[in-house]
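Trainee: My structure is below; once you've seen it, I'll send some questions.
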Amino acid sequence: MELSDANLQTLTEYLKKTLDPDPAIRRPAEKFLESVEGNQNYPLLLLTLLEKSQDNVIKVCASVTFKNYIKRNWRIVEDEPNKICEADRVAIKANIVHLMLSSPEQIQKQLSDAISIVGREDFPQKWPDLLTEMVNRFQSGDFHVINGVLRTAHSLFKRYRHEFKSNELWTEIKLVLDAFALPLTNLFKATIELCSTHANDASALRILFSSLILISKLFYSLNFQDLPEFFEDNMETWMNNFHTLLTLDNKLLQTDDEEEAGLLELLKSQICDNAALYAQKYDEEFQRYLPRFVTAIWNLLVTTGQEVKYDLLVSNAIQFLASVCERPHYKNLFEDQNTLTSICEKVIVPNMEFRAADEEAFEDNSEEYIRRDLEGSDIDTRRRAACDLVRGLCKFFEGPVTGIFSGYVNSMLQEYAKNPSVNWKHKDAAIYLVTSLASKAQTQKHGITQANELVNLTEFFVNHILPDLKSNNVNEFPVLKADGIKYIMIFRNQVPKEHLLVSIPLLISHLGAESIVVHTYAAHALERLFTMRGPNNATLFTAAEIAPFVGILLTNLFKALTLPGSSENEYIMKAIMRSFSLLQEAIIPYIPTLITQLTQKLLAVSKNPSKPHFNHYMFEAICLSIRITCKANPAAVVNFEEALFLVFTEILQNDVQEFIPYVFQVMSLLLETHKNDIPSSYMALFPHLLQPVLWERAGNIPALVRLLQAFLERGSSTIATAAADKIPGLLGVFQKLIASKANDHQGFYLLNSIIEHMPPESVDQYRKQIFILLFQRLQNSKTTKFIKSFLVFINLYCIKYGALALQEIFDGIQPKMFGMVLEKIIIPEIQKVSGNVEKKICAVGITKLLTECPAMMDTEYTKLWTPLLQSLIGLFELPEDDSIPDEEHFIDIEDTPGYQTAFSQLAFAGKKEYDPVGQTVNNPRVHLAQALHRLSTACPGRVPSMVSTSLNAEALQYLQGYLQAASVTLL
Numbered sequence: 001m002e003l004s005d006a007n008l009q010t011l012t013e014y015l016k017k018t019l020d021p022d023p024a025i026r027r028p029a030e031k032f033l034e035s036v037e038g039n040q041n042y043p044l045l046l047l048t049l050l051e052k053s054q055d056n057v058i059k060v061c062a063s064v065t066f067k068n069y070i071k072r073n074w075r076i077v078e079d080e081p082n083k084i085c086e087a088d089r090v091a092i093k094a095n096i097v098h099l100m101l102s103s104p105e106q107i108q109k110q111l112s113d114a115i116s117i118v119g120r121e122d123f124p125q126k127w128p129d130l131l132t133e134m135v136n137r138f139q140s141g142d143f144h145v146i147n148g149v150l151r152t153a154h155s156l157f158k159r160y161r162h163e164f165k166s167n168e169l170w171t172e173i174k175l176v177l178d179a180f181a182l183p184l185t186n187l188f189k190a191t192i193e194l195c196s197t198h199a200n201d202a203s204a205l206r207i208l209f210s211s212l213i214l215i216s217k218l219f220y221s222l223n224f225q226d227l228p229e230f231f232e233d234n235m236e237t238w239m240n241n242f243h244t245l246l247t248l249d250n251k252l253l254q255t256d257d258e259e260e261a262g263l264l265e266l267l268k269s270q271i272c273d274n275a276a277l278y279a280q281k282y283d284e285e286f287q288r289y290l291p292r293f294v295t296a297i298w299n300l301l302v303t304t305g306q307e308v309k310y311d312l313l314v315s316n317a318i319q320f321l322a323s324v325c326e327r328p329h330y331k332n333l334f335e336d337q338n339t340l341t342s343i344c345e346k347v348i349v350p351n352m353e354f355r356a357a358d359e360e361a362f363e364d365n366s367e368e369y370i371r372r373d374l375e376g377s378d379i380d381t382r383r384r385a386a387c388d389l390v391r392g393l394c395k396f397f398e399g400p401v402t403g404i405f406s407g408y409v410n411s412m413l414q415e416y417a418k419n420p421s422v423n424w425k426h427k428d429a430a431i432y433l434v435t436s437l438a439s440k441a442q443t444q445k446h447g448i449t450q451a452n453e454l455v456n457l458t459e460f461f462v463n464h465i466l467p468d469l470k471s472n473n474v475n476e477f478p479v480l481k482a483d484g485i486k487y488i489m490i491f492r493n494q495v496p497k498e499h500l501l502v503s504i505p506l507l508i509s510h511l512g513a514e515s516i517v518v519h520t521y522a523a524h525a526l527e528r529l530f531t532m533r534g535p536n537n538a539t540l541f542t543a544a545e546i547a548p549f550v551g552i553l554l555t556n557l558f559k560a561l562t563l564p565g566s567s568e569n570e571y572i573m574k575a576i577m578r579s580f581s582l583l584q585e586a587i588i589p590y591i592p593t594l595i596t597q598l599t600q601k602l603l604a605v606s607k608n609p610s611k612p613h614f615n616h617y618m619f620e621a622i623c624l625s626i627r628i629t630c631k632a633n634p635a636a637v638v639n640f641e642e643a644l645f646l647v648f649t650e651i652l653q654n655d656v657q658e659f660i661p662y663v664f665q666v667m668s669l670l671l672e673t674h675k676n677d678i679p680s681s682y683m684a685l686f687p688h689l690l691q692p693v694l695w696e697r698a699g700n701i702p703a704l705v706r707l708l709q710a711f712l713e714r715g716s717s718t719i720a721t722a723a724a725d726k727i728p729g730l731l732g733v734f735q736k737l738i739a740s741k742a743n744d745h746q747g748f749y750l751l752n753s754i755i756e757h758m759p760p761e762s763v764d765q766y767r768k769q770i771f772i773l774l775f776q777r778l779q780n781s782k783t784t785k786f787i788k789s790f791l792v793f794i795n796l797y798c799i800k801y802g803a804l805a806l807q808e809i810f811d812g813i814q815p816k817m818f819g820m821v822l823e824k825i826i827i828p829e830i831q832k833v834s835g836n837v838e839k840k841i842c843a844v845g846i847t848k849l850l851t852e853c854p855a856m857m858d859t860e861y862t863k864l865w866t867p868l869l870q871s872l873i874g875l876f877e878l879p880e881d882d883s884i885p886d887e888e889h890f891i892d893i894e895d896t897p898g899y900q901t902a903f904s905q906l907a908f909a910g911k912k913e914y915d916p917v918g919q920t921v922n923n924p925r926v927h928l929a930q931a932l933h934r935l936s937t938a939c940p941g942r943v944p945s946m947v948s949t950s951l952n953a954e955a956l957q958y959l960q961g962y963l964q965a966a967s968v969t970l971l
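Residue numbers (full-length UniProt numbering): 1 to 971.
Here's what the structure looks like:
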């Protein structure tokens, strides 16, 4: 694409169309842009548009399109073509910083994100002058430009907060500090001075405080991995100014908005974070500043109101106190009983109250409320911070703190009892206090794993939780109902089983509650209880114990999906899946109606899949229905196919990308259930599965391979007779997969199924070509994963076609090739094979090579016979060699940049581990002894002499053991 006015005009028109609400106009425009984005100059045309276009909407649209283009295409993925040509890459890096800094803020943000994406890949090696260019702009004095630089630096450096330590990371951080720490510190001091100069100019202060927030964030990122020498030397400057800013209050920066945090709140909360970082990680160096910060932050907490806009500030301030109070050498600051009482009274209790804003979220924004409350994404809520502070204080002062709070809990419960309908919030706070006091350690999977001995959890459950759940009206006091259900969830390991069993029918009835939070919590609690493990790792609750409630449980769960706001509720669907899994054959009578409901739900959500977890559990539930029913009655598979195939066809025809891998997995499960030949409905689909476009998406590959394997296992003869023209297509898929380091193992899965199941004559003409492809890949890039798969394949081939056939095919490609493969690959690498079935295949294959390949006894290959036997005994007896060369550590990670449906494996569609050797060989060691015995009978005297002269003593001893176990000798 030329950088011409005509192309700019065309691009403008198409960008306009992508904003059209009408899909008939929008989608073709999106498709057009997708089709041209591979052309040279495309990104430069977008940058030209956002610089020169007169239309502001087009400018913003071009900047968003450019950022998304960079996100999708900048990373160079091994084995895949480079999607942006080198000339464009160089031009982008040369122009983007200047362009970003001279653009209005809306566009600046998009370009800043694009720079950080490019920087993540190219900085510092491929973009060495980025830092210099950014630092030079600090001198401009223009805060629009300076804030652009700071914003970009923040998005570039914030990854230091969660990267693993490595030499490369240290080198990069050092490089950044050398260039950036001093200018940043000077800018910090200058900005603070300007704040005093412009103390009465509101608009100037807003810009300056935006800078200070970004500077504080950069301070956090640059100090996160370790305390840099520069910042240690300049701690006085930073900490004194941070302390001044914490205590600053400028009326001009106060906002009337009660919801949205203003600049002052954002800056102070970031400073609390910075202080907490130093208090936790660098306490020795920070010690002399700490008392000042504790006092300032304490005053801040006592004087800050309950409005939502202060939530982040208050929670960060409390988190600071929490991180300080659990450090041994700060505990003297908290020892005094009056201090503890004051913290409990003035900080913890007020911040545990259920506020009007919480009530609003509970009723009107339940999804967000649940996410914060259940999934622990409530990091920045006041309640969570207060709860963490309680835990922190309990580390050294468990007795006194429990004592102080017990008084509060009792008085709150008394208040509630006086007038429940008015004072229910008191009980809510009491339950929350008990929960924070009692829980010392918690995991998502097991709930509370360590509890405070001083709190009687069962007594509290019986006296204060059960009565709320037993009331007949599931809709009264919804917040208290949710609290009660959450209590069961959290303390499920502490409350005795008989009490949990009593609560199961109560939870089932709460599935019908109108409140989204209540019926979601009920579903989640049931799901958690059903996964609990008792003795012997069996589930704590047996199917028999839940059997009395099966009908009402399933009815209420499916009914809950029809309640307003819960049509795609992932917690309910997960509970459905878990109920199926626990109850097993007890659900069979209900399956006909349940599968209809699941299919209708599948059809509805396939129109616009938006909840990945919900969808995943729905497919798991479908798989469980199939498994449980067909285990009892294999013929029922036909009923499932009738129910599901119409929806599946629609999903495949409409190319619902998110669902296609799932559909293939369910189809594999159905197909594997058929005992005889493949039904014609499946054969009609077979040619479509080989279309290259399906294999372009990484997320489809594992599921497609599994489905093709199911075709080969069940219908290889049908394929050989009725679809022989499709075999080259099948091998084409294998060829594509084998070329990719990420997917070569999938190629081998497919190849192994072809070798094992296809009639030999149908693949005869392709065999040599298959081996040539494998050798080419070995020459070009030999990875550990590839070698392991290759070894399993050649041994499987040897078992299927015989040792002689394997030797002949190798030597047919190139004379003496068989010896090279033995010497360079099988003997040195066999120790790397992992997995019981894989090891068994290799053992049986190598045994065949040793005992059924004439060339091993009578040619120059004979010198390899004993080393091969030695390596086989090593495979049996030595630990697996799981070492991986350094440069290969990250090859297997399927890391596709940008949005692409990753493969999601369905646990309940799992493939049974299949052993191609099967019962013919139960014990490979005995099998080796018997085979050697047969060989020694055929050529007496030779085997014992080869064994005794060349095998090392330890291996010889093992071999004697095998011979004894098989009751044979070598002649």
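Where is the CB? At the ideal position from N, CA and C, for every residue including glycine.
Please name the residue in Pro692, Lys486, Thr718 whose C-alpha comes closest to that of Ser681.
Mentor: Along the sequence shown, read from residue 1 onward, the residue named residue 681 stands at position 681. Residue Thr718 is the option with its Cα nearest to Ser681.
Trainee: In chain order, what residues of the same chain lie with their CB nearer than 6 Å to the CB of Phe818, ignoring the 5 residues before and after it?
Mentor: Sequence index remark: in the sequence shown, residue 818 carries index 818 (1-based). Excluding sequence neighbours, Phe818 sits near Gln807, Phe810, Asp811.
Trainee: Determine the closest residue to Ala586 out of Asn569, Met573, Leu553, with distance taken between C-alpha atoms.
Mentor: Here the question's residue 586 lines up with position 586 in the sequence shown. Checking every option, the nearest Cα to that of Ala586 belongs to Leu553.
Trainee: Find the nearest neighbour of Thr132 within the set Ser515, Val455, Glu13, His98, judged by alpha-carbon distance.
Mentor: As a position in the sequence shown, residue 132 is number 132, starting the count at 1. Ranking the options by Cα distance to Thr132, first place goes to His98.
Trainee: From which residue to which residue does the alpha helix (DSSP H) around Val434 run?
Mentor: Mapped onto the sequence shown, residue 434 falls at position 434. Where Val434 is concerned, the enclosing alpha helix (DSSP H) stretches over 420-438.
Trainee: Comparing alpha-carbon positions, which option in Leu19, Asn7, Ile70, Ile25 lies nearest Leu49?
Mentor: Residue numbering aside, residue 49 sits at position 49 when the sequence shown is read from its first letter. Out of Leu19, Asn7, Ile70, Ile25, Asn7 has the C-alpha closest to the C-alpha of Leu49.
Trainee: Among the residues of its own chain, which have a CB less than 7 Å from the CB of Pro867, if the five just before and after it don't count?
Mentor: Indexing the sequence shown from 1 puts residue 867 at position 867. Ile827, listed in sequence order.
Trainee: Within the chosen definition, does the stretch 917-927 reach the stretch 632-644 through at least 3 CB pairs nearer than 8 Å?
Mentor: no
Trainee: Around the C-beta of Phe164, are 16 or more other C-beta atoms found within 10 angstroms, so that it is buried, or is it exposed?
Mentor: For the purposes of this step, residue 164 is identified with residue 164 of the sequence shown, where counting begins at 1. By the neighbour-count rule (16 or more Cβ atoms within 10 Å), Phe164 is not buried but exposed.
Trainee: When you compare each of Glu285, Asp122, Leu46 to Glu13 by their alpha carbons, which one comes out closest?
Mentor: As a first step, residue 13 must be located in the sequence shown, where it is residue number 13. Residue Leu46 is the option with its Cα nearest to Glu13.
Trainee: Measuring straight from C-alpha to C-alpha, what distance separates Val792 and Lys158?
Mentor: Here residue 792 is taken as the residue at index 792 of the sequence shown, counted from 1. Here residue 158 is taken as the residue at index 158 of the sequence shown, counted from 1. Each residue's Cα considered, the two are about 44 Å apart.
Trainee: What would DSSP say about Ala742, mapped onto helix, strand or coil?
Mentor: By 1-based counting over the sequence shown, the position of residue 742 is 742. DSSP places Ala742 in coil when its eight states are reduced to three.
Trainee: What did DSSP end up calling Thr539 once you bin it into helix, strand or coil?
Mentor: Against the sequence shown, residue 539 aligns to sequence position 539. It is a strand residue.
Trainee: If you measure between the beta carbons of Asn41 and Leu11, is that distance less than 7 Å?
Mentor: Stepping through the sequence shown from its first residue, residue 41 is reached at position 41. Stepping through the sequence shown from its first residue, residue 11 is reached at position 11. No, these two residues do not count as a Cβ contact at 7 Å.
Trainee: Any idea which residues DSSP pairs Arg533 with across the strands?
Mentor: Translated into positions along the sequence shown, residue 533 becomes position 533. Arg533 is bridged to Thr539.
Trainee: Roughly how many whole angstroms lie between the Cα atoms of Gly715 and Ala723?
Mentor: Taking the first residue of the sequence shown as 1, we reach residue 715 at position 715. Taking the first residue of the sequence shown as 1, we reach residue 723 at position 723. Approximately 11 Å, taken between the alpha carbons.
Trainee: With a CB to CB cut of under 8 Å and the five nearest residues on each side skipped, what residues in its chain are close to Lys559?
Mentor: Within the sequence shown, residue 559 is the residue found at index 559, counting from 1. The residues are Leu511, Gly512.
Trainee: Going by DSSP, name the residue or residues bridged to Ala451.
Mentor: What you label residue 451 is simply residue 451 of the sequence shown in a count that begins at 1. Looking at the DSSP assignment, Ala451 forms a beta bridge with Ser439.
Trainee: Ends of the alpha helix (DSSP H) at Glu51?
Mentor: Along the sequence shown, one-based indexing puts residue 51 at 51. Unbroken alpha helix (DSSP H) run through Glu51: 42-52.
Trainee: Would you mind reading off the limits of the alpha helix (DSSP H) that contains Glu620?
Mentor: Looking up residue 620 in the sequence shown gives position 620. 612-632 is the span of the alpha helix (DSSP H), which, as asked, contains Glu620.
Trainee: Buried or exposed for His524, going by 16 or more other Cβ atoms inside 10 Å?
Mentor: Taking the first residue of the sequence shown as position 1, residue 524 is located at position 524. Buried: at least 16 other Cβ atoms inside 10 Å.
Trainee: Suppose the cutoff is 7 Å on Cβ atoms and the five residues either side in sequence are ignored; what does the same chain contact list for Leu253 look like?
Mentor: On the sequence shown, position 253 is the one that residue 253 refers to. The residues are Leu205, Phe209, Gly262, Leu263, Leu264.
Trainee: By the 10 Å Cβ neighbour count, where 16 or more other Cβ atoms means buried, how is Cys939 classified, buried or exposed?
Mentor: Here residue 939 corresponds to residue number 939 of the sequence shown, with the count starting at 1. The residue in question, Cys939, is exposed, as its Cβ has fewer than 16 Cβ neighbours within 10 Å.
Trainee: Take Ile271 as the anchor and find which of Ala317, Leu227, Val837, Tyr282 has the nearest alpha-carbon.
Mentor: Translated into the one-based positions of the sequence shown, residue 271 becomes position 271. The shortest C-alpha separation from Ile271 is found at Ala317.
Trainee: Can you say whether Asn410 is buried or exposed, counting buried as having 16 or more other CB atoms within 10 angstroms of its CB?
Mentor: As a position in the sequence shown, residue 410 is number 410, starting the count at 1. That one is exposed.
Trainee: Could you give the distance in angstroms between the alpha-carbon of Asn68 and the alpha-carbon of Leu177?
Mentor: The residue given as residue 68 occupies position 68 in the sequence shown. The residue given as residue 177 occupies position 177 in the sequence shown. Distance between the alpha carbons of Asn68 and Leu177: 30 Å.
Trainee: Could you give the first and the last residue of the continuous alpha helix (DSSP H) run that contains Asp788?
Mentor: As a first step, residue 788 must be located in the sequence shown, where it is residue number 788. Per the sequence shown, the amino acid found at residue 788 is Lys instead of Asp. Residue range 784-801 is occupied by the alpha helix (DSSP H) that includes Lys788.
Trainee: If distances are taken between C-alpha atoms only, which option among Pro612, Asn608, Ser610, Glu620 comes closest to Ile595?
Mentor: Counting from one through the sequence shown, the residue named residue 595 turns up at place 595. That would be Glu620, whose Cα lies nearest to the Cα of Ile595.
Trainee: Are the CB atoms of Pro183 and Val135 nearer to each other than 7 Å?
Mentor: Numbered from its first residue, the sequence shown carries residue 183 at position 183. Numbered from its first residue, the sequence shown carries residue 135 at position 135. Yes. Within cutoff.
Trainee: Measure the CB-CB distance between Ser581 and Leu624 and report whether it falls below 7 Å.
Mentor: For this step, residue 581 is matched to residue 581 along the sequence shown. For this step, residue 624 is matched to residue 624 along the sequence shown. Ser581 is a Cβ neighbour of Leu624, given a cutoff of 7 Å.
Trainee: Give the list of continuous alpha helix (DSSP H) stretches no shorter than 4 residues that lie fully inside the stretch 842-886.
Mentor: 855-858, 865-877
Trainee: Rounded to a whole number of angstroms, what is the C-alpha to C-alpha distance between Gln746 and Thr191?
Mentor: By 1-based counting over the sequence shown, the position of residue 746 is 746. By 1-based counting over the sequence shown, the position of residue 191 is 191. Each residue's Cα considered, the two are about 58 Å apart.
Trainee: At a cut of 8 Å, does the stretch 351-369 reach the stretch 416-432 through at least three beta carbon pairs?
Mentor: The count of Cβ pairs closer than 8 Å, one atom from the stretch 351-369 and one from the stretch 416-432, reaches three, so the stretches are in contact.
Trainee: Between the C-alpha atoms of Leu878 and Lys395, what's the straight-line distance to the nearest angstrom?
Mentor: Looking up residue 878 in the sequence shown gives position 878. Looking up residue 395 in the sequence shown gives position 395. Straight-line Cα distance between these residues: approximately 47 Å.
Trainee: DSSP state of Val349, grouped into three classes?
Mentor: In the sequence shown, counting from the first residue as 1, residue 349 sits at position 349. It is helical.
Trainee: When DSSP labels each residue in this structure, what does Pro104 get in the three-state scheme?
Mentor: Residue mapping note: residue 104 aligns to position 104 of the sequence shown, counting from 1. Reduced to three states, the DSSP call for Pro104 is coil.
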